[in-house]
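Asks: Residue 4 is where the sequence shown starts when you use this note's numbering, and the numbers rise one by one after that.
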Amino acid sequence: MRYGNNGGLSQDHVDGTSGDLDTNSSKDGAGRITFKAAGLGVAIAGTGGQQAGALPSFKTAAQQTFFSYAAGATADGSRTRVSPAAYYYSGVFGVFGEYVRSTQAVSKGGVHADIANSAWEVTGLVVATGEKATDRGVVPARPFDLAKKQWGALQVAARYAALRVDPQAFSLGLAGAGTSQKANAAGIDATWYVSSAVKYVLSYERTVFDDNPDGPRKPEHAVIFRLQFNLQPSL
4 MRYGNNGGLS
14 QDHVDGTSGD
24 LDTNSSKDGA
34 GRITFKAAGL
44 GVAIAGTGGQ
54 QAGALPSFKT
64 AAQQTFFSYA
74 AGATADGSRT
84 RVSPAAYYYS
94 GVFGVFGEYV
104 RSTQAVSKGG
114 VHADIANSAW
124 EVTGLVVATG
134 EKATDRGVVP
144 ARPFDLAKKQ
154 WGALQVAARY
164 AALRVDPQAF
174 SLGLAGAGTS
184 QKANAAGIDA
194 TWYVSSAVKY
204 VLSYERTVFD
214 DNPDGPRKPE
224 HAVIFRLQFN
234 LQPSL
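Right under this line is the structure:
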């Protein structure tokens with residue numbers, strides 16, 4: 004599961020979708036304050052605005068929907084988000100944590116409620132090849148070069164994340180049929196930094212729904228591979 008905020012003045016659009024197209028005149032005000040010192044970083048971000056129309060669905064790492072709003076439910080009023088985060092890096096080790104709370108006015112028929120959903124994650128990592136861990140990635144001491152028998156850098160990470168949908172969404176009939184209220188995910192990944200500009204990431208994540216691995220929605224096992232280019236390679 005992934006959840007994040009961007010600073011600046013953003014277009015008003017549904018969580019989890021692209022904001023490249025401006026479909027109405029509404030705007031969200033957004034801000035972020037960050038403090039950094041000696042490997043420690045603390046930040047808080049927030050947004051606020053008005054939203055009307057389509058509502059988001061929540062998806063797993065494998066892009067499978069586990070929660071969606073009921074047919075006829077729409078965003079209808081104020082939307083606010085707040086997201087504190089912190090990290091600490093020392094030598095080859097690093098840890099990162101984030102919390103997000105998003106509150107949206109939702110309507111369906113004669114029902115109107117402020118639905119507050121929340122999510123959090125904690126990630127710990129180690130650079131197995133000895134390079135310094137940072138919040139901006141790893142610069143390999145020996146970039147990949149087969150002729151020189153150099154293999155780049157390897158980072159290994161473990162992560163735990165959880166998302167909770169406001170119980171009101173279910174008690175007021177605003178949740179879609181067969182959807183889950185909770186999702187807990189545990190994962191590991193290995194990142195191979197071929198150079199400071201190219202990396203490969205292989206991830207495994209297991210997600211359990213509603214705290215019940217034997218429930219009607221079985222746990223999801225996802226293996227994800229991606230290749231990423233850094234257009235600004237110097238860290």
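Just so it is clear, CB atoms sit at the ideal spot from N, CA and C, and this is done for glycine as well.
None of the values given here were measured: they were computed from a predicted structure.
Apart from the five residues just before and just after ALA161, which ones in its own chain have a Cβ nearer than 6 Å to its Cβ?
Replies: Closer than 6 Å at Cβ, skipping near neighbours: GLY127, ILE191.
Asks: Which two residues bound the contiguous beta strand (DSSP E) that contains ALA55?
Replies: 43-56 is the span of the beta strand (DSSP E), which, as asked, contains ALA55.
Asks: Please say whether LYS152 and ARG167 have beta carbons closer to each other than 8 Å?
Replies: No.
Asks: Out of TYR91, GLY181, ARG104, point me to the one whose CA is closest to LYS135's CA.
Replies: Measuring from the Cα of LYS135, the nearest candidate turns out to be TYR91.
Asks: DSSP beta-bridge partners for TRP195?
Replies: DSSP, once it has assigned bridges, lists LEU157, TYR203 as partnering TRP195.
Asks: Does the contact criterion of 3 or more C-beta pairs under 8 Å hold for the segment 56-71 versus the segment 35-43?
Replies: Touching, no.
Asks: Does the segment 93-101 come within contact of the segment 69-82, defined as at least 3 CB pairs closer than 8 Å?
Replies: No, because fewer than three Cβ pairs between the segment 93-101 and the segment 69-82 fall closer than 8 Å, the two stretches do not touch.
Asks: Suppose you measure from the CA of LEU142 to the CA of LEU149; what does that come to, to the nearest Å?
Replies: At residue 142 the sequence reads Val, which differs from the Leu that was named. If I take the Cα positions, the gap works out to 18 Å.
Asks: Check this for me: beta carbons of ARG84 and GLN54, under 8 Å apart or not?
Replies: For ARG84 and GLN54, no; Cβs fall outside 8 Å.
Asks: How far does the beta strand (DSSP E) with GLN107 in it reach, from first residue to last?
Replies: Where GLN107 is concerned, the enclosing beta strand (DSSP E) stretches over 96-111.
Asks: Residues in its own chain within less than 6 Å of GLU208 by CB, not counting five upstream and five downstream?
Replies: The residues are ALA64, ALA188, GLY190, ALA225.
Asks: Is the beta carbon of ALA48 less than 8 Å from the beta carbon of SER105?
Replies: No, they are not a contact pair.
Asks: Helix, strand or coil for GLN231 per DSSP?
Replies: DSSP places GLN231 in strand when its eight states are reduced to three.
Asks: Within 10 angstroms of the Cβ of ALA180, are there 16 or more other Cβ atoms? Answer buried if so, exposed if not.
Replies: Exposed, because fewer than 16 other Cβ atoms sit within 10 Å of the Cβ of ALA180.
Asks: Under a Cβ-count criterion, where at least 16 other Cβ atoms within 10 Å of its own Cβ denotes burial, should GLY80 be classed as buried or exposed?
Replies: GLY80 comes out exposed.
Asks: Please state whether the Cβ-Cβ distance between ALA178 and ALA172 is less than 8 Å.
Replies: Contact: yes.
Asks: What are the boundary residues of the alpha helix (DSSP H) that includes SER174?
Replies: That run of the alpha helix (DSSP H) goes 171-174.
Asks: What are the partner residues of ARG162, as DSSP defines its beta bridges?
Replies: Beta-bridge pairing links ARG162 to THR126, GLY190.
Asks: Can you give me the start and stop residues for the beta strand (DSSP E) that GLY80 sits inside?
Replies: Residues 77-93.
Asks: Taking DSSP's pairing of strands, which residues face ALA40 in a bridge?
Replies: Bridge partners of ALA40: LEU43.
Asks: Looking at the strands, I want to know which residues DSSP matches up with ASP1.
Replies: No information on residue 1 is available, as it lies outside the stretch 4 to 238 that the chain covers here.
Asks: Looking at the strands, I want to know which residues DSSP matches up with SER121.
Replies: Answer is ARG104, ARG167, bridged to SER121.
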